[in-house]
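Here the sequence shown stands for residues 181 to 858, numbered as in our numbering. Have a look at the structure below before the remarks.
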Amino acid sequence: MSNDPLLQPYQLRHLTLRNRILITAHEPAYAEDGMPKERYRAYHVERARAGVALTMTAGSASISRDSPPVFNNILAWKDEVVGWMRQLVDECHDHGAAVMIQLSHLGRRTRWDKADWLPVVAPSHEREAAHRAFPKRAEDWDLDRIKGDFADAAERMKAAGVDGIELEAYGHLLEQFWSPLTNDLDAPYGGSLENRMRFTMEVLGAIRSRCGPDFIVGLRYTGDQGLPGGMDQAEGLVLSKALRDSGLVDFLNIVRGHIDTDPGLTDLIPIQGMRNAPHLDFAGEIRAATGFPTFHAAKIPDIATARHAIASGKLDMVGMTRAHLADPHLVAKLIAGREEDIRPCVGANYCLDRIYQGGMALCLHNPATGRELTEPQVILPAVTKKRVTIVGAGPGGLEAARVAAERGHEVTVFEAADQPGGQVRLTALDPRRREMAAITDWRYQQCLKRGVTFHFNSFAEAEDVLATDPDEVVIATGGLPHTEVLSAGNDLVVSTWDILSGAVKPGREVLIFDDAGDHAGLMAADLISASGAKVEIVTPDRAFAPEVMAMNLVPYMRALQGRDTTFTVTWRLMSVTRAGNRLRAVLGSDYGPVTRLREVDQVVVNHGTRPLDELYFALKPLSSNFGIVDYEALATGQPQAVIANPEGRFRLLRIGDAVAARNTHAAIYDALRLMKDV
Numbered sequence: 181m182s183n184d185p186l187l188q189p190y191q192l193r194h195l196t197l198r199n200r201i202l203i204t205a206h207e208p209a210y211a212e213d214g215m216p217k218e219r220y221r222a223y224h225v226e227r228a229r230a231g232v233a234l235t236m237t238a239g240s241a242s243i244s245r246d247s248p249p250v251f252n253n254i255l256a257w258k259d260e261v262v263g264w265m266r267q268l269v270d271e272c273h274d275h276g277a278a279v280m281i282q283l284s285h286l287g288r289r290t291r292w293d294k295a296d297w298l299p300v301v302a303p304s305h306e307r308e309a310a311h312r313a314f315p316k317r318a319e320d321w322d323l324d325r326i327k328g329d330f331a332d333a334a335e336r337m338k339a340a341g342v343d344g345i346e347l348e349a350y351g352h353l354l355e356q357f358w359s360p361l362t363n364d365l366d367a368p369y370g371g372s373l374e375n376r377m378r379f380t381m382e383v384l385g386a387i388r389s390r391c392g393p394d395f396i397v398g399l400r401y402t403g404d405q406g407l408p409g410g411m412d413q414a415e416g417l418v419l420s421k422a423l424r425d426s427g428l429v430d431f432l433n434i435v436r437g438h439i440d441t442d443p444g445l446t447d448l449i450p451i452q453g454m455r456n457a458p459h460l461d462f463a464g465e466i467r468a469a470t471g472f473p474t475f476h477a478a479k480i481p482d483i484a485t486a487r488h489a490i491a492s493g494k495l496d497m498v499g500m501t502r503a504h505l506a507d508p509h510l511v512a513k514l515i516a517g518r519e520e521d522i523r524p525c526v527g528a529n530y531c532l533d534r535i536y537q538g539g540m541a542l543c544l545h546n547p548a549t550g551r552e553l554t555e556p557q558v559i560l561p562a563v564t565k566k567r568v569t570i571v572g573a574g575p576g577g578l579e580a581a582r583v584a585a586e587r588g589h590e591v592t593v594f595e596a597a598d599q600p601g602g603q604v605r606l607t608a609l610d611p612r613r614r615e616m617a618a619i620t621d622w623r624y625q626q627c628l629k630r631g632v633t634f635h636f637n638s639f640a641e642a643e644d645v646l647a648t649d650p651d652e653v654v655i656a657t658g659g660l661p662h663t664e665v666l667s668a669g670n671d672l673v674v675s676t677w678d679i680l681s682g683a684v685k686p687g688r689e690v691l692i693f694d695d696a697g698d699h700a701g702l703m704a705a706d707l708i709s710a711s712g713a714k715v716e717i718v719t720p721d722r723a724f725a726p727e728v729m730a731m732n733l734v735p736y737m738r739a740l741q742g743r744d745t746t747f748t749v750t751w752r753l754m755s756v757t758r759a760g761n762r763l764r765a766v767l768g769s770d771y772g773p774v775t776r777l778r779e780v781d782q783v784v785v786n787h788g789t790r791p792l793d794e795l796y797f798a799l800k801p802l803s804s805n806f807g808i809v810d811y812e813a814l815a816t817g818q819p820q821a822v823i824a825n826p827e828g829r830f831r832l833l834r835i836g837d838a839v840a841a842r843n844t845h846a847a848i849y850d851a852l853r854l855m856k857d858v
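In structure tokens:
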């Protein structure tokens with residue numbers, strides 16, 4: 181047996197967990213009709229097959245009708261959930277993994293205009309900023325009803341064969357009772373901490389009465405809200421000991437902070453550029469004080485940090501949840517001694533940010549996550565070996581090269597720059613986003629291990645590609661910034677790339693016209709404002725940077741609000757002219773015939789990219805498919821089989837920004853689904 185602390189079994193009452201790594205409860209939003217059907221099941225089974233000890237489903241499953249899911253949650257209040265959960269549990273058990281599910285009532289953390297349009301309920305009328313609903317103050321019959329709903333849902337999960345359940349408290353109804361900020365009820369449910377805990381204890385008691393003393397029940401909660409007037413660390417410790425002493429719970433899953441605002445959520449679940457494992461020591465303090473089984477997860481992205489968490493005795497089980505979105509085979513690679521092959525989580529938080537905007541969880545640089553039914557997590561070797569030529573070594577080109585090489589093909593890559601990375605290299609120049617470099621670094625190393633030939637400083641022409649005698653050609657040349665968006669003065673502006681690369685120095689008074697709404701605009705604003713310049717960000721949208729999404733926006737705002745920065749929405753840059761040694765910018769509006777003037781010494785435009793596609797069009801007439809992509813096959817995970825030109829010497833495909841300005845995930849997804857069957 182390995183001496184690695186992470187690979188030691190752990191005994192949780194009668195349940196033996198095969199190692200110390202778990203996937204904590206999270207809602208990937210893959211449910212269909214509120215049920216964990218095939219897609220949901222495939223996601224968890226993939227990770228069970230690869231060796232994780234415990235996979236925790238849902239984040240959280242809704243136990244009541246008046247807890248309408250705002251993240252496409254599982255509906256644990258429906259009887260039909262039992263059959264679907266049973267299938268998921270049985271298949272994960274077949275691969276040796278334990279399965280639990282997290283249950284919750286969202287309380288005020290939802291909206292009244294979802295699902296059945298029932299009033300939101302909480303122990304006060306205080307609105308949660310994140311979801312904006314003013315709740316009804318809970319009545320006695322609400323509490324009786326909800327306690328019964330918890331017990332019913334737990335009983336359904338026991339019938340489904342789960343190894344245990346976890347109740348979600350932080351930010352949800354149970355914690356809303358605990359915190360003085362959200363509970364203004366009179367006794368017996370308001371006032372003292374004992375009173376504020378009463379509802380939780382009654383819920384736990386109802387579950388025990390229904391499911392018996394041997395059914396494993398845990399609680400995920402914050403031991404310190406970190407809010408003035410909220411539940412502090414001292415009360416959190418009292419609460420932790422009370423839970424231990426109650427005899428009603430079997431493990432504590434510790435977090436720290438609050439999730440009622442975007443900044444609070446981001447501090448509790450940190451993203452790239454923020455410190456790794458910021459709450460690990462705090463969780464360890466709870467474990468030391470209670471002597472009780474303790475779980476924890478919060479930006480523990482790598483094996484070394486996870487190993488320290490267990491070896492130091494801070495935790496009994498360590499959560500590596502986003503790390504498993506990036507690489508579901510993390511444990512299998514650890515067991516096999518292949519740590520260097522683990523696809524690293526870069527903290528981009530594409531997964532969570534998508535959920536909070538109503539999408540499903542996707543990993544920025546693992547496009548097979550959540551698509552296990554159509555896209556492979558493990559690339560299988562091809563029957564027929566081919567010569568594959570790829571132009572461009574950005575994230576899409578490198579993914580195409582990696583997949584083709586894993587298929588066993590002979591792969592050649594041309595890259596105009598002196599090293600791989602593409603636009604990711606530009607992004608990683610920002611110290612806060614340097615983790616992004618791992619997206620391309622990992623792929624490059626995987627390619628080198630498989631014998632891919634790279635030609636750097638090579639601006640490939642058609643004859644260079646033809647000289648490789650390819651069977652398959654992939655154009656991954658990306659794009660260049662598009663700034664010609666004005667009626668006059670296009671020659672007077674610079675692009676965000678000019679600023680980020682250092683090709684153009686920041687001005688002292690700068691207008692940034694952001695008509696793409698992505699990271700580039702805010703990165704440029706961050707860099708320019710950090711130089712001491714006065715910055716105004718102008719966008720025609722009704723909110724700035726909509727593509728950046730909530731949690732990724734937080735670090736930008738913390739930096740920009742501390743500087744001389746102004747945000748102006750619903751205005752469009754129309755033209756720029758010279759005004760002496762300065763620039764005069766005319767702003768217009770999509771809402772009516774009005775204008776505003778600005779005088780600055782620099783104008784920066786962020787308007788996406790336009791494809792570098794000359795090589796593609798030069799090769800198109802020579803290809804067997806004339807560049808045609810079968811979209812039906814692409815969308816359903818089937819091989820491409822178009823032959824439009826039987827005389828063609830090779831099949832031609834293009835991916836990523838060489839097609840149209842999109843994002844990193846789109847480029848990598850293009851590459852995977854086009855190359856997995858080549």
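Where a beta carbon is used, it is the ideal one built from N, C-alpha and C, also for glycine.
For residue j and residue i, believed in contact at Cβ under 8 Å, the rounded distance
i           : j           : result
residue 632 : residue 585 : 5 Å
residue 428 : residue 347 : Going by Cβ atoms, the distance from residue 428 to residue 347 rounds to 10 Å, so no, they are not a contact pair.
residue 556 : residue 847 : About 18 Å separates the two Cβ atoms, so there is no contact after all.
residue 343 : residue 396 : 6 Å
residue 552 : residue 222 : 4 Å
residue 505 : residue 522 : That belief does not hold up - the Cβ atoms of residue 505 and residue 522 are roughly 13 Å apart, past 8 Å.
residue 863 : residue 579 : For the chain, the structure presents residues 181 to 858; residue 863 sits outside this window and is missing.
residue 821 : residue 541 : Residue 821 to residue 541, Cβ: 31 Å. No contact.
residue 674 : residue 693 : The pair is not a contact, with the Cβ atoms about 11 Å apart (cut-off 8 Å).
Straight-line gap, residue i to residue j (C-alpha atoms, nearest Å)
i           : j           : result
residue 672 : residue 700 : 19 Å
residue 187 : residue 493 : 14 Å
residue 754 : residue 668 : 8 Å
residue 606 : residue 600 : 11 Å
residue 785 : residue 611 : 22 Å
residue 199 : residue 273 : 15 Å
residue 402 : residue 676 : 40 Å
residue 508 : residue 230 : 7 Å
residue 336 : residue 284 : 14 Å
residue 421 : residue 465 : 12 Å
residue 237 : residue 525 : 20 Å
residue 183 : residue 567 : 44 Å
residue 602 : residue 678 : 15 Å
residue 193 : residue 363 : 34 Å
Nearest candidate by alpha-carbon position, reference residue i, set the options
i           : options            : result
residue 411 : 830, 349, 245      : 349
residue 436 : 430, 451, 413, 824 : 413
residue 246 : 761, 295, 855, 543 : 295
residue 826 : 203, 805, 664      : 805
residue 798 : 849, 740, 641, 647 : 641
residue 234 : 628, 379, 418, 501 : 501
residue 281 : 291, 791, 269      : 269
residue 783 : 790, 704, 732      : 704
residue 406 : 792, 628, 823, 462 : 462
residue 665 : 625, 647, 788      : 788
residue 589 : 759, 834, 651      : 651
Any non-hydrogen atom of the ligand NAP within 7 Å of residue i CB
i           : result
residue 751 : The model depicted lacks the ligand NAP and carries no ligand whatsoever.
If we require 4 or more residues per run, which alpha helix (DSSP H) segments fall completely within the segment 752 to 805? Complete alpha helix (DSSP H) runs here, min 4: 794 to 799.
Quick check: the segment 683 to 690 against the segment 655 to 664, are at least 3 beta-carbon pairs closer than 8 Å? Taking 8 Å as the limit for Cβ pairs, the verdict is that the segment 683 to 690 does not touch the segment 655 to 664.
Tell me, please, whether the segment 474 to 491 touches the segment 444 to 459 by the rule of three or more beta-carbon pairs shorter than 8 Å. With the cut-off at 8 Å, the segment 474 to 491 and the segment 444 to 459 touch.
Are at least three pairs of beta-carbons, each pair with one atom in the segment 495 to 502 and one in the segment 213 to 224, less than 8 Å apart? The segment 495 to 502 makes no contact with the segment 213 to 224, as fewer than three CB pairs between them are under 8 Å.
If you pair each beta-carbon of the segment 483 to 491 with each one of the segment 432 to 452, do three or more pairs fall below 8 Å? Flag = no, the segment 483 to 491 and the segment 432 to 452 do not touch.
Taking contact to mean 3 or more Cβ pairs, one atom from each stretch, closer than 8 Å, check whether the segment 802 to 819 and the segment 721 to 729 are in contact. Result no; under three Cβ-Cβ pairs closer than 8 Å.
Counting Cβ pairs, one atom from each stretch, are 3 or more of them under 8 Å apart for the segment 386 to 394 and the segment 315 to 322? They do not touch, by the three-pair rule.
Does the segment 231 to 241 come close enough to the segment 253 to 261 that 3 or more CB-CB pairs lie under 8 Å? Counting Cβ pairs under 8 Å, three or more are found: they touch.
Touching by the beta-carbon criterion (3+ pairs, under 8 Å), the segment 460 to 475 and the segment 439 to 448: Judged by Cβ distances under 8 Å, the segment 460 to 475 makes no contact with the segment 439 to 448, as fewer than three pairs qualify.
Count Cβ pairs between the segment 648 to 657 and the segment 554 to 572 that sit closer than 8 Å; are there 3 or more? Remark: three or more beta-carbon pairs, one from each stretch, lie closer than 8 Å, so the segment 648 to 657 and the segment 554 to 572 are flagged as touching.
Whole alpha helix (DSSP H) elements within the segment 339 to 409, 4-residue minimum: Fully enclosed alpha helix (DSSP H) runs of 4 or longer: 353 to 358, 373 to 391.
Enumerate, from N- to C-terminal direction, the unbroken alpha helix (DSSP H) stretches of 4 or more residues contained entirely within the segment 526 to 573. The alpha helix (DSSP H) runs of length 4 or more contained entirely in the segment 526 to 573 are, from start to end of the chain, 530 to 536.
Segment contact, 8 Å Cβ cut-off, at least three pairs: the segment 291 to 309 with the segment 267 to 282: The segment 291 to 309 and the segment 267 to 282 do not touch, with fewer than 3 CB-CB distances between them shorter than 8 Å.
Per the contact definition of three or more C-beta pairs closer than 8 Å, is the segment 611 to 622 in contact with the segment 744 to 751? By the C-beta criterion, the segment 744 to 751 is judged not to be in contact with the segment 611 to 622, since fewer than 3 inter-stretch pairs fall below 8 Å.
Entirely within the segment 640 to 700 and at least 4 residues each: give me those alpha helix (DSSP H) ranges in chain order. The segment 640 to 700 contains, as complete alpha helix (DSSP H) runs of 4+ residues, the segments 642 to 646, 676 to 681 (chain order).
I'd like the ranges of any alpha helix (DSSP H) spanning at least 4 consecutive residues and lying wholly in the segment 222 to 265. Within the segment 222 to 265, no complete alpha helix (DSSP H) run reaches 4 residues.
Length-filtered (4 minimum) alpha helix (DSSP H) runs lying within the segment 406 to 441: If only uninterrupted alpha helix (DSSP H) runs of at least 4 residues are considered, those enclosed by the segment 406 to 441 are 413 to 426.
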